[in-house]
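Everything in the sequence shown is counted per numbering that gives the first Met the number 0, starting at 0 for the first residue and increasing by one. From the three backbone atoms N, C-alpha and C, an ideal C-beta is built for every residue, glycine too.
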Amino acid sequence: MANTPKITEPTRFILVRHGESNVMVDGVVGGLKTCSGLSAKGQQQANLLGERFVTGSEGSIDIVYSSPLPRARETTEILLRVASINHEINIHDDLEEFRLGEADGLTWEQVREKYELSDFEQRDPFVAIIPGADSRAGFRHRVGEALSFVAQNHQGATVLIGCHGGVISAAMAIAFGLGPGQWHTELAPDVTSITELEIRTDSERGRRWKCLRYNDSAHLRGTSVDPLSLQDTSH
């Protein structure tokens with residue numbers, strides 16, 4: 000008699016992109032050196048996000064993680080405060096946005112001029128273009144390792160993760176099995192949007208992903224802080 004495949008309880012990721020940040024408004028690269036948190040509009044967006052969790056329609060949260068960057072951490076803090084979710088925020092360094100190394104603090108115009116990024120999509124995904132930066136492949140691997148760590152340590156839990164557009168794009172690419180060279184498939188989720196993924200392990204098929212929703216920012220529709228009015232959707 001064949002062995003029955005062993006399937007683990009799914010871990011559910013609630014991936015939340017941060018609100019509008021000061022570095023977005025200023026048009027600069029916002030790494031650990033430069034990021035100073037949310038703009039006033041970003042704080043309003045995070046408050047509206049938190050209100051979604053007050054009603055309980057988003058379900059219960061078992062554990063909370065965040066990127067170390069202030070814009071993601073502040074968004075997570077506001078959400079938890081507004082929704083009266085009394086969980087500690089676990090900072091995981093590998094949930095940080097795509098690292099741009101020595102370009103941290105430069106304007107995006109300066110970055111494009113200095114590092115000639117016009118052919119970015121055609122370059123080797125395993126080689127970093129900017130000194131000290133992630134390569135595309137390295138970034139995706141880093142995000143995958145972070146999500147694997149969370150899933151392995153919190154099997155069957157619902158995990159809220161405050162993060163970034165790049166991290167969400169990487170998670171979606173991993174879930175759909177896209178390679179790091181397929182940069183044209185990168186996504187641009189709205190600020191404070193919710194993306195929900197589920198992962199479980201099957202002893203025969205390995206990891207199995209399911210996308211439950213992507214880029215849900217209904218809480219901002221029709222408000223003065225609707226992300227559709229924002230021009231810069233990067234980082």
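N- and C-terminal bounds of the alpha helix (DSSP H) containing residue i
i    : result
I173 : 164-174
N152 : 135-152
T74  : 69-82
L186 : L186 -> no alpha helix (DSSP H), and no H or E assigned at all.
R111 : 107-114
For residue j and residue i, the rounded distance between their alpha carbons
i    : j    : result
G58  : F52  : 8 Å
V24  : S38  : 8 Å
H17  : D201 : 32 Å
I60  : N46  : 17 Å
D123 : G137 : 12 Å
G104 : G30  : 7 Å
R72  : K32  : 15 Å
S192 : E50  : 13 Å
Residue environment, residue i, which counts as buried when at least 16 other CB atoms sit within 10 Å
i    : result
E8   : exposed
R139 : buried
V142 : buried
G165 : buried
E76  : buried
Q151 : exposed
V126 : exposed
H86  : exposed
Q44  : buried
A82  : buried
Supposed contact pair residue j and residue i - C-beta distance, whole angstroms, cut 8 Å
i   : j    : result
S66 : C162 : 5 Å
D93 : E144 : 6 Å
Residue interval of the beta strand (DSSP E) (run including residue i)
i    : result
R11  : 10-16
D215 : 205-215
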